[in-house]
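Asks: Below are the structure tokens for one structure; questions will follow.
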Amino acid sequence: MVRRIVIIGAHAAGCDAAAAARLTDREAEIVMFTNERYAGYSRCGLPFVLVGHIKSFQDLIVFPPSFFKMNKIDLRLEANVTNIDAKSKTVEVQYKDGRVENLQYDSLIIATGARPAVPPIKGREKRGVYVLRTIDDGERIEQAIKESRSAVVIGAGLIGLELGVAFVERGLKTTVVELLPQILPAMLDKDVADFVQRDLERKGLRIIVGRSVEEILGDDKVTGVAVSGEQIQADMVVVATGVRGNVELAQKAGLELGETKLIKVNMRMETNVKDVYACGDCVESTNIITKRPVVCQLGTTAVRQARVAGTNAAGGYAIFLGVLGAAVTRLFDLEIGAVGLTEAFAQRAGIETVSMTLSGKTRAGYYPGALPVRIKLVVEKETEKIVGAQIVGGEGVAQRINALSFAILKEMTVKELAKAETCYAPPVSETWDPIILTAQALLKKLK
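Adding 186 to a residue's 1-based position in the sequence shown gives its number in the working numbering.
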């Protein structure tokens, strides 16, 4: 009998789950639903279309219609799944034309993602206030940029700063306002965050930290924001204060939520309901170092979870080990990356750490184009194992973060890292890679 796999959600997690399911079971019937006009596009690329580095929003479509046709996946756009009946193993779907259908499943994968979390700021309903999550959101912001001279971004996480940079590069006078006392609070320690903030401010982006937007000003249309008594003019405001997992459908169906209020799953991405799997931004992850539940709403996490969910939903076997939260971005000409625990996060988890920050060059110092790079390593004091890293530099940040991700995963000590062999040629690297020099300096500090 042919297995029917139903997938709710058709972006990073949903599409990768479908691909893994098809590889595992060549005969299965796979049906996918999304309530959007477009499927299978990269949300992470949206700010880079707005800055002009990517030509159009259509270029972000990673899974074109030909992918679904070739893999015999029945993709249904602008279709809203309104109910899951776990006992009868059916989903209720409402289509754009008003039709309602009940569809049976053998395996169900919930990849409902997340939606922007908009705090209850007075005036948030005004014209000229935006969020960025979908292509439709991006197109609205693109139009607003053309009609604006100034902008305020609320929130200094990855998306908030990427948008702030995009607006500056498009010629808008831009201010980013962050409630917490530093930018990128989930990614960097304050010392590294302050270094990045100074660099961004030198390039024309105004950043206010440790203060909140009390009100979005204007009558019907935005004219500015009020921040601690100061009025900042803005023709447009974008709220980038994070996302909230879409868990309501799962919760209504009896799926258990974890400590983080996201869907609780095991290593096979199985929920507490038989034959129901979940993956992506709606799912709780486990931190590999602390072994504790964590929110990790990254595209890389979504696709790795999805591959496991899709394989298992189709009758195969795969497991997901957890997350280290490896993340990277580029703001103006500065690359910023991090993996593992910050000192602040480690402290909250009860782990005593020692750290070292060192600056170096990405190539031989005498070679034209050598750029600065700043490395921060965090190790657990008792075991001397590497538990975190933060890197800021002109180039080569992603590759170094990836290398340190492998090191943390394999529980490498700082002593082992200090002895590691690295490659060298003047156009591409230093004789001693800055990572190794930082490890050697940290080793001396520990002794």
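Just so you know, even glycine gets a beta-carbon here, dropped at the ideal spot from N, CA and C.
Quick one: complete alpha helix (DSSP H) runs, 4+ long, within the segment 194 to 252?
Replies: The segment 194 to 252 contains these whole alpha helix (DSSP H) runs: 198 to 210 and 232 to 236.
Asks: Are the CB atoms of T543 and K562 within a distance shorter than 8 Å?
Replies: Going by C-beta atoms, K562 is nearer than 8 Å to T543.
Asks: Mapping DSSP to helix, strand and coil, what is P613?
Replies: DSSP places P613 in coil when its eight states are reduced to three.
Asks: Indicate whether the contact test is met: 3 or more Cβ pairs, each with one atom in the segment 408 to 421 and one in the segment 435 to 444, closer than 8 Å.
Replies: Not touching, per the Cβ criterion.
Asks: Taking one C-beta from the segment 314 to 323 and one from the segment 471 to 488 each time, how about it: are there three or more such pairs within less than 8 Å?
Replies: Contact between the segment 314 to 323 and the segment 471 to 488 is absent, because fewer than three Cβ pairs lie under 8 Å.
Asks: Quick one: what's S541 bridged to in DSSP?
Replies: The partner list for S541 (beta bridge, DSSP) reads V564.
Asks: Jot down the residue ranges of each uninterrupted beta strand (DSSP E) in the segment 302 to 352, minimum 3 residues, whole runs only, in chain order.
Replies: Runs of the beta strand (DSSP E) inside the segment 302 to 352: 336 to 340.
Asks: What's the gap between the Cα of D375 and the Cα of I577?
Replies: Whole-angstrom Cα-Cα distance: 11 Å.
Asks: How is the alpha helix (DSSP H) around V600 delimited, first residue to last?
Replies: V600 -> alpha helix (DSSP H) spans V600 to A604.
Asks: Roughly how many angstroms separate the alpha carbons of L517 and T486, rounded to a whole number?
Replies: Their backbone Cα atoms lie some 20 Å apart in a straight line.
Asks: To which residues does DSSP link E259 through a beta bridge?
Replies: As written in the sequence, residue 259 is Ile, which differs from the Glu given in the question. BP columns for I259 point to I216.
Asks: State buried or exposed for L386, treating a residue as buried only when at least 16 other CB atoms are found within 10 Å of its CB.
Replies: Buried.
Asks: According to DSSP, is E355 helix, strand or coil?
Replies: DSSP places E355 in helix when its eight states are reduced to three.
Asks: Mind checking who M422 pairs with in its DSSP beta bridge?
Replies: Bridge partners of M422: A337.
Asks: In its own chain, which residues sit with a C-beta less than 6 Å from the C-beta of E156, not counting the 5 before and 5 after it?
Replies: An answer regarding residue 156 cannot be provided, because it is not within the stretch 187 to 633 covered by the chain.
Asks: Any contact of the segment 282 to 296 with the segment 318 to 325, i.e. 3+ C-beta pairs under 8 Å?
Replies: The answer is no - the segment 318 to 325 does not touch the segment 282 to 296, with fewer than three Cβ pairs under 8 Å.
Asks: Is the beta carbon of A426 closer than 8 Å to that of V338?
Replies: In this structure, A426 does not lie closer than 8 Å to V338 by Cβ.
Asks: Per DSSP, T608 forms a beta bridge with which residues?
Replies: T608 is not bridged to any residue.
Asks: How about V193 and A203: do their beta carbons lie closer than 8 Å?
Replies: Checking the sequence, you will find Ile at residue 193 rather than Val. In contact: I193 and A203 (Cβ atoms closer than 8 Å).
Asks: Return yes when the Cβ of I393 is within less than 8 Å of the Cβ of V362, no when it is not.
Replies: Yes, these two residues count as a Cβ contact at 8 Å.
Asks: When you compare the segment 541 to 561 with the segment 602 to 622, are there three or more beta-carbon pairs, one atom per stretch, that lie closer than 8 Å?
Replies: Yes, the segment 541 to 561 touches the segment 602 to 622.
Asks: DSSP three-state call for G546: helix, strand or coil?
Replies: Residue state, collapsed to three classes: strand.
Asks: Pick helix, strand or coil for P620, following the three-state DSSP scheme.
Replies: In this structure, P620 counts as helix in the three-state DSSP scheme.
Asks: Using the Cβ count rule (16 or more neighbours within 10 Å means buried), how would you classify F592?
Replies: The residue in question, F592, is exposed, as its Cβ has fewer than 16 Cβ neighbours within 10 Å.
Asks: With burial defined as no fewer than 16 other Cβ atoms inside 10 Å of the residue's Cβ, what is the status of D271: buried or exposed?
Replies: Answer is exposed; the Cβ neighbour count stays below 16.
Asks: Check whether the segment 206 to 214 and the segment 231 to 240 touch, using three or more Cβ-Cβ pairs below 8 Å as the test.
Replies: These segments do not touch.
Asks: Can you find the residues in the same chain that come closer than 7 Å, C-beta to C-beta, to K601, ignoring five residues on each side of it along the sequence?
Replies: The answer, listed in chain order, is E570 and L629.
Asks: The alpha helix (DSSP H) spanning S591 covers which residue range?
Replies: Segment V583 to L595, the alpha helix (DSSP H) holding S591.
Asks: Compare the Cα-Cα distances from R493 to each of E215, D405 and I505 and report the closest residue.
Replies: Considering only alpha carbons, the answer is I505.
Asks: Please classify K571: does DSSP put it in a helix, a strand, or coil?
Replies: Of the three classes helix, strand and coil, the one that applies to K571 here is strand, per DSSP.
Asks: Check each candidate in D405, D467, I587 and E416 and name the one with the smallest Cα separation from Q432.
Replies: The identity of residue 432 in the sequence shown is Asn, whereas the question assumes Gln. It is D467.
Asks: Assuming A464 is part of the beta strand (DSSP E), what are its boundary residues?
Replies: Its beta strand (DSSP E) spans residues V462 to A464.
Asks: Would you kindly work out how many angstroms separate the C-alpha atoms of L347 and A214, rounded to a whole number?
Replies: L347 and A214: Cα-Cα distance of roughly 43 Å.
Asks: Name the two residues that bound the continuous alpha helix (DSSP H) containing Q533.
Replies: Counting along the chain, the alpha helix (DSSP H) containing Q533 begins and ends at E529 to R534.
Asks: I'd like the span of the alpha helix (DSSP H) that includes A492, first residue to last.
Replies: That run of the alpha helix (DSSP H) goes G485 to A499.
Asks: So is L370 buried or exposed if we call it buried at 16+ other beta carbons inside 10 Å?
Replies: Per the 10 Å Cβ criterion, buried.
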